[in-house]
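Mapping the sequence shown onto the working numbering, position 71 (from 1) lands on 168, and the numbers just tick up by one.
Ideal placement from N, C-alpha and C gives every residue a C-beta, glycine not left out.
Keep in mind the model is a prediction, meaning the values are calculated, not measured.
Down below is the structure, laid out as structure tokens.
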Amino acid sequence: MLLDDFLKKHQLKDDFYTNLNIDKEDFIKKIKVVTDSSFKTDYFLMASDKIKYVGNFYQNSMEFREKESGFGFKTYQVKTFINLSFKNMNDLLSVKTTIQGISYFRFLINITIMSLLLIYCFLLLLKLNILPVLLILSLIYFYLFLAFKKIKANLKKIKKELSDLYRSME
């Protein structure tokens, strides 16, 4: 998919594989220790340090994201989506982890807004208004730069957390 390739190229999405010497049921139990089984987080779970993620569990996969903290005050934080798919191979459990730093919908909305701003800049250039164009272009650049930087940092943090969690399971 074209959008996935773009996200992977700019390090906004990452896939990695892990082979664990653990049974599938034990793996699910250990993941459930740090994950609530619903996308809606109750207020008493927000205060819990053990629960880091919220999501859904399926037969051979899981999908979850970071839980929101701060009782709704951090609603504009970057939400990273994590998908796990696993299967038994010989005596090992093969886990494919996909971490996506930005949702497709949010990414497409951002691209649409940036495109409209670029069209507006082009129209301003036709009227020879250079100062507003430079201001808008610099705002677009810094918005994208800061957003991508925060998403990349969050993606690396979650990848390290999950790698540490996998190592602790063996």
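Apart from the five residues on each side of it in sequence, which residues of its chain come closer than 8 Å, Cβ to Cβ, to residue i?
{"i": "Asp-188", "result": "Asn-118"}
What do you get for residue i, buried or exposed, if any count of 16 or more other CB atoms within 10 angstroms of its CB means buried?
{"i": "Val-151", "result": "buried"}
{"i": "Phe-103", "result": "exposed"}
{"i": "Asn-251", "result": "buried"}
{"i": "Asn-185", "result": "exposed"}
{"i": "Ala-144", "result": "Caution applies to Ala-144, whose pLDDT of 49 falls short of 50 and renders its modelled position unreliable; the value that the coordinates give is listed next. With fewer than 16 Cβ atoms within 10 Å of its Cβ, Ala-144 is classed as exposed."}
{"i": "Lys-126", "result": "exposed"}
{"i": "Lys-171", "result": "Caution is warranted here: a pLDDT of 49 is assigned to Lys-171, below 50, making its placement in the model unreliable, and no coordinate value can be reported."}
{"i": "Glu-43", "result": "Since the first residue shown for the chain is 98 and the last is 267, residue 43 is missing from the structure and cannot be characterised."}
{"i": "Gln-108", "result": "exposed"}
Between the Cα of residue i and those of the options, spot the shortest distance and give me the residue it belongs to.
{"i": "Leu-100", "options": "Ile-208, Lys-256, Asp-133 and Arg-162", "result": "Ile-208"}
{"i": "Thr-195", "options": "Leu-234, Leu-205, Met-98 and Leu-181", "result": "Leu-181"}
{"i": "Tyr-201", "options": "Lys-224, Thr-177 and Ser-212", "result": "Thr-177"}
Can you find the residues in the same chain that come closer than 6 Å, C-beta to C-beta, to residue i, ignoring five residues on each side of it along the sequence?
{"i": "Asn-153", "result": "Glu-160"}
{"i": "Leu-241", "result": "none"}
{"i": "Val-230", "result": "Cys-218, Leu-221 and Leu-222"}
{"i": "Ser-191", "result": "Asn-116 and Lys-184"}
What are the residues that DSSP puts in a beta bridge with residue i?
{"i": "Asp-111", "result": "Ile-196"}
{"i": "Asp-133", "result": "Val-151"}
{"i": "Met-266", "result": "Its beta-bridge partners do not exist; DSSP assigns none."}
{"i": "Phe-178", "result": "Arg-162 and Gln-197"}
{"i": "Lys-184", "result": "Ser-191"}
{"i": "Asn-207", "result": "According to DSSP, which records beta bridges pairwise, Asn-207 is partnered with nothing at all."}
{"i": "Asn-116", "result": "Ser-191"}
Our contact map puts residue i next to residue j with C-beta atoms below 8 Å; I'd like the distance itself, whole angstroms only.
{"i": "Lys-193", "j": "Tyr-263", "result": "About 12 Å; that fails the 8 Å criterion."}
Between residue i and the rest of its own chain, which residues show a CB-CB distance below 7 Å, the 5 nearest in sequence each way excluded?
{"i": "Leu-214", "result": "Ile-233 and Ile-237"}
{"i": "Lys-121", "result": "Phe-183, Asn-185 and Leu-190"}
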